[in-house]
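Student: The structure is given below, and queries will be raised subsequently.
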Amino acid sequence: MPIKAKGLLIVVTGPSAVGKGTICRALLQEAPDIRFSVSVTTRPARPGEVHGVEYFFCSHREFEQKIKAGELLEWAEVYGNYYGTPRQYVEEVTNAGQSVILDIDMVGARAVRSQYPGAVSVFVIPPSMEALRQRILGRGTESDEAVQRRLAEAPKWIEEGLNYEYVVVNDDLTAAVGHLRSVVNAEMSRTARQGGALIRRLLEKGELD
Ligand code: ADP
Ligand code: 5GP
1 MPIKAKGLLI VVTGPSAVGK GTICRALLQE APDIRFSVSV TTRPARPGEV HGVEYFFCSH
61 REFEQKIKAG ELLEWAEVYG NYYGTPRQYV EEVTNAGQSV ILDIDMVGAR AVRSQYPGAV
121 SVFVIPPSME ALRQRILGRG TESDEAVQRR LAEAPKWIEE GLNYEYVVVN DDLTAAVGHL
181 RSVVNAEMSR TARQGGALIR RLLEKGELD
């Protein structure tokens with residue numbers, strides 16, 4: 001029987017507009033071994049967003065059906081819309097030994113961490129509150145009211161970061177992506193994960209490939 005470690009479940013969270021999506025996209029471009037979990041949402045698509053790429057867009061009714069059917073690993077209401085992680089994809093990918101990254105809010109991150117104690121949790125913070133404000137405004141995707149709401153909630157989010165295993169500062173994007181990659185590499189190297197599987201494979205076959 002081939003010896004294969006389960007893939008990592010990597011949870012990336014942090015305040016709105018800190019750059020979670022930007023960091024995850026950049027990491028995925030240079031890390032073909034990591035998959036992205038595309039969430040389901042009731043939020044309307046923004047210009048340029050494609051169904052199945054950024055999100056699976058659906059109605060409230062469809063979302064409720066998915067909750068009832070147990071199809072969502074976690075879900076949360078974020079700024080008036082529902083977002084959830086499809087369970088099947090995450091389980092298939094990790095069981096196949098590949099790592100999967102989830103870009104989700106604080107409530108969802110809590111739910112994942114309690115269900116999957118082995119999940120790697122990463123909290124992204126901005127270099128300053130002013131930088132966060134500039135990013136929310138600069139993205140230009142929210143109404144004035146939504147911007148004010150996200151800014152007002154930012155300190156609550158940031159305090160939550162104290163409970164996380166890892167903190168990544170998103171100041172210089174390249175450095176932040178490198179930092180996240182280092183976290184993933186370190187976690188994969190743990191003997192309880194890939195490290196141990198490598199040792200067992202070497203002993204069993206005399207070589208690693
Ligand atoms: P989130 O997914 O956390 O809500 P986004 O990835 O959508 O945030 O990023 C919010 C805005 O901040 C975007 O306009 C993005 O281009 C910008 N941004 C992301 N990372 C950086 C960075 N390191 N420096 C400056 N701007 C950034
Ligand atoms: P946006 O609407 O800007 O794309 O995302 C708003 C927030 O929803 C972000 O903080 C994002 O991380 C979070 N989010 C995206 N997908 C999910 C998900 O599947 N579950 C949860 N709980 N939050 C999500």
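With the numbering used here, the residue at position 155 of the sequence shown is 155, and numbering never jumps. A virtual CB, placed ideally from N, CA and C, is assigned to each residue, including glycine. Owing to the predicted nature of the structure, the values given are computational and were not obtained by experimental measurement.
With DSSP as the reference, identify every bridge partner of residue 121, one or two as the case may be.
Tutor: By DSSP's assignment, residue 121 forms a beta bridge with 11.
Student: Run the CB neighbour count on residue 138, radius 10 Å, all protein chains shown included, and call it buried at 16 or more, exposed below.
Tutor: exposed
Student: Return the CA-CA distance between residue 20 and residue 174, expressed in angstroms with no decimal places.
Tutor: 13 Å
Student: Please classify residue 104: does DSSP put it in a helix, a strand, or coil?
Tutor: Per DSSP, reduced to three states, the secondary structure at residue 104 is coil, with no helix or strand assignment.
Student: For residue 35, does the three-state DSSP call read helix, strand or coil?
Tutor: strand
Student: Leaving out the 5 sequence neighbours to the left and right, which residues in its chain are closer than 8 Å to residue 59 when beta-carbon positions are compared?
Tutor: 42
Student: State yes or no: is the C-beta of residue 80 nearer than 6 Å to some heavy atom of ligand 4?
Tutor: You won't find ligand 4 in this model; what it holds is ligand 1 and ligand 2.
Student: Using 8 Å as the Cβ pair cut-off and three pairs as the minimum, do the segment 85-95 and the segment 43-53 touch?
Tutor: no
Student: Take residue 177 and list the residues in its own chain whose beta-carbon comes closer than 6 Å to its own, dropping the five residues that flank it on each side.
Tutor: 23, 26, 27
Student: Would you list the one or two residues that DSSP bridges to residue 95?
Tutor: For residue 95, no pairing in a beta bridge is given by DSSP.
Student: State yes or no: is the C-beta of residue 37 within less than 7 Å of the C-beta of residue 102?
Tutor: yes
Student: Are the beta-carbon atoms of residue 112 and residue 10 separated by less than 7 Å?
Tutor: No, Cβ-Cβ distance for residue 112 and residue 10 is not below 7 Å.
Student: Are the CB atoms of residue 143 and residue 83 nearer to each other than 7 Å?
Tutor: Taking 7 Å as the cut-off, the beta carbon of residue 143 is found no closer than this to the beta carbon of residue 83.
Student: Mind pulling the beta strand (DSSP E) runs of 3 or more residues that sit fully within the segment 125-169?
Tutor: 166-169
Student: Report the option in 157, 53, 194 whose CA atom is closest to the CA atom of residue 221.
Tutor: Residue 221 is absent from the structure shown; the chain starts at 1 and stops at 209.
Student: So, under 8 Å CB-CB, residue 136 and residue 14 are touching, yes? Tell me the CB distance rounded to an integer number of Å.
Tutor: No, residue 136 and residue 14 are not in contact; Cβ-Cβ is about 13 Å, not under 8 Å.
Student: With distances taken Cα to Cα, identify the nearest neighbour of residue 164 among 52, 117, 146, 122.
Tutor: 122
Student: For residue 79 and residue 133, which I take to be in contact (beta-carbon distance under 8 Å), what is that distance rounded to the nearest angstrom?
Tutor: Not a contact, Cβ separation roughly 16 Å.
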